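**Student:**
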Amino acid sequence: MKALVVGCGRVGSSIALELQREGWDVAVVDENEDALSRLGDHWPGSFLVGHGMDVDLLRAAGIDDADAVVVATDGDNTNIVIGQVAQKRFDIQCVVVRLLDPARARFYSERGLRTVCPTSVAIETLIEAVRACELPATTAAG
Amino acid sequence: MYVIVAGGGKVGANVARSLLRLGHELTLIEQRSDRFERLEDEFEHQIQRGDATELYVLERAGIARPPDIVLALTGDDEDNMVICQIAKEKYGVPKVIARVNDPRNQAHFDLLGISPTVCATSSIMALVEHEVPEHDLIHLLELRRENLEIVEVQIDRDSPSAGKRVEGLSLPEGARLISVMRNGRAEIAVGATTLEAGDQVLAILEPGKEDELRRVLLRS
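Those protein sequence lines, which keep their order, are chains A and B.
Oh and the first sequence: position 116 is 150 in this note's numbering, straight run, nothing missing.
Oh and the second sequence: position 104 is 820 in this note's numbering, straight run, nothing missing.
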């Protein structure tokens with residue numbers, strides 16, 4: 035199975051490493067050459083330097099026969115556009131897009147883009163953590 | 717008419733100014749604080765500070781009314797695409813116009829169905845081609861919705877079409893000659909029109925037929 039990961043920050047690099055460990059053939063794209071170091075000393079997959087909006091670069095990274103595309107650059111709108119290009123232009127069935135803004139994540143997921151919003155996950159987790167606090171009885175009652 | 721203008725750079729601010737002068741109601745949205753502060757005195761309540769790709773910013777600017785038109789004029793193509801998609805598809809804004817900063821992104825705007833678009837670079841390049849023709853076939857106008865384009869061709873002495881009547885040319889299907897410009901005068905091209913060296917011919921055709929047209933008119 036082939037995966038293309040666009041954006042090699044903390045999130046993108048971790049996803050790339052994990053998929054590669056699970057046996058995927060992974061190609062990574064990032065604007066910054068230094069991002070390669072996030073993939074460790076012996077990255078066996080391919081790594082291309084360039085912008086994910088560049089269709090020629092996506093092709094060079096093998097998007098034409100990718101089974102999954104993960105888009106996790108640091109720009110929500112860039113991710114939205116690249117995700118839709120992967121879906122609509124290259125007909126990739128499994129496109130996963132990281133979006134920090136919950137409102138845009140909701141809107142685009144309603145339109146058929148598989149979005150993951152770490153902000154929403156964080157909000158839920160934090161609320162759960164607050165609820166799990168053992169408060170003194172008086173405070174809870176008051 | 718009510719207009720939302722996203723982006724208060726040179727383009728956005730000047731467009732907003734022109735619309736206000738015409739008596740339209742509008743809200744200009746600018747994200748950068750330095751630009752916002754510079755424009756605030758002039759635009760007063762008609763400018764808001766914020767990221768126009770955030771839904772609450774658009775809602776504060778009245779996107780839910782909805783406006784008659786949204787102009788996405790920021791310096792970032794991805795932002796402009798997202799603004800147009802949200803305006804059209806979430807809030808039912810009837811018309812959007814998007815600015816394309818990098819002509820290489822035009823295909824993405826087309827893919828997402830965002831039209832019309834304006835790209836200064838492409839317009840300048842089209843003018844350069846027209847003024848200083850490097851190519852034998854110049855693109856004058858693209859009618860994207862109609863899937864047609866208008867091109868200009870210069871007939872040379874050794875062009876296979878020189879000295880031939882229009883009706884005698886085997887033009888590709890989906891292509892027609894419109895007019896012939898000769899000695900500064902344009903005439904509508906009809907079947908009996910004879911092409912001569914030096915003629916500037918306008919043709920309308922489906923995109924992708926350029927090579928066939930070139931073969932018939934310019935070289936055998």
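Ideal placement from N, C-alpha and C gives every residue a C-beta, glycine not left out.
Please read all numbers here as calculations on a predicted model, not as lab measurements.
1. I'd like to check one pair, A:V155 with B:L827: are the Cβ atoms closer than 8 Å?
2. Which residues of the segment 94-106 of chain A have a Cβ closer than 7 Å to any Cβ of chain B? Give them in chain order.
3. Output needed in chain order: residues of the segment 106-123 of chain A with a Cβ under 8 Å from some Cβ in chain B.
4. Name the residue from A:V115, A:K122, A:D125, A:R123 whose alpha carbon lies nearest to the alpha carbon of A:V131.
5. Within 7 Å: the Cβ of A:V40 and any heavy atom of the ligand SAM?
6. Helix, strand or coil for B:H846, going by three-state DSSP, please let me know.
7. My understanding is that B:I799 touches B:A768, with C-beta atoms under 8 Å, so please give their C-beta distance in whole angstroms.
8. Looking at the secondary structure, which residues open and close the alpha helix (DSSP H) in which B:Y772 lies?
9. Please report how far the alpha carbon of B:A732 lies from the alpha carbon of B:Y718, in whole angstroms.
10. Give me whichever residues DSSP pairs with B:H855 in a beta bridge.
11. Just to confirm, are B:L735 and B:E746 a CB contact at a threshold of 8 Å?
12. Would A:M35 pass as an interface residue toward chain B - the criterion being a Cβ-Cβ separation below 8 Å?
13. Chain B beta carbons: is any one of them nearer than 8 Å to that of A:D59?
14. Which word fits B:D915, buried or exposed, when buried means at least 16 other C-beta atoms lie within 10 angstroms of its C-beta?
15. Output, in chain order, the set of chain B residues within a Cβ distance shorter than 8 Å of A:V89.
16. Tell me, to the nearest whole angstrom, how far the beta carbon of A:A94 is from that of A:I126; I am working on the premise that it is less than 8 Å.
17. Just checking my contact of A:L133 with A:T159 at CB under 8 Å: how many whole Å lie between their CB atoms?
18. State the start and end residues of the unbroken beta strand (DSSP E) segment that holds B:M897.
19. Ignoring anything shorter than 4 residues, give me the alpha helix (DSSP H) runs that lie fully in the segment 71-143 of chain A, in order along the chain.
20. If we require 3 or more residues per run, which beta strand (DSSP E) segments fall completely within the segment 775-810 of chain B?
21. For B:D874, which option in B:R931, B:D792, B:K811 has the closest C-alpha, if you only look at C-alpha atoms?
22. Grouping DSSP H, G and I as helix and E and B as strand, with all else coil, what is A:G176?
**Tutor:** To lay it out plainly:
1. Going by C-beta atoms, B:L827 is not nearer than 8 Å to A:V155.
2. Flagged: no residues at all.
3. For the segment 106-123 of chain A, the beta-carbon criterion of a distance under 8 Å to any beta-carbon of chain B is satisfied by G109, D110, N111, T112, I114, V115, Q118, V119, K122, R123.
4. Closest by alpha carbon: A:V115.
5. Looking for the ligand SAM in the displayed structure turns up nothing, as the structure carries no ligands at all.
6. When secondary structure is reduced to three states using DSSP, B:H846 falls in the helix class.
7. Correct: roughly 5 Å between the Cβ atoms.
8. Element bounds for B:Y772: 771-776.
9. So the alpha carbons of these two residues sit roughly 11 Å apart.
10. B:V867.
11. Result no, Cβ atoms of B:L735 and B:E746 do not sit closer than 8 Å.
12. With respect to chain B, the C-beta atom of A:M35 has no partner C-beta closer than 8 Å.
13. Nearest CB-CB separation between A:D59 and chain B: not below the 8 Å threshold.
14. Under this definition B:D915 is a buried residue.
15. Contacts between A:V89 and chain B, judged by CB atoms closer than 8 Å, involve A823 in chain order.
16. In fact, because the Cβ distance is near 16 Å, the residues do not count as touching under 8 Å.
17. That belief does not hold up - the Cβ atoms of A:L133 and A:T159 are roughly 17 Å apart, past 8 Å.
18. Counting along the chain, B:M897 sits inside the beta strand (DSSP E) bounded by residues 891-898.
19. Counting whole runs of 4 or more residues, the segment 71-143 of chain A contains the alpha helix (DSSP H) stretches 89-94, 110-118.
20. DSSP runs (the beta strand (DSSP E)) wholly in the segment 775-810 of chain B: 785-788.
21. Just measuring C-alpha positions, the residue of B:R931, B:D792, B:K811 sitting nearest B:D874 is B:R931.
22. For A:G176, the predicted structure reports a pLDDT of 47, less than 50, and the residue's modelled location is therefore unreliable. A value from the coordinates is still provided. Coil, per DSSP.
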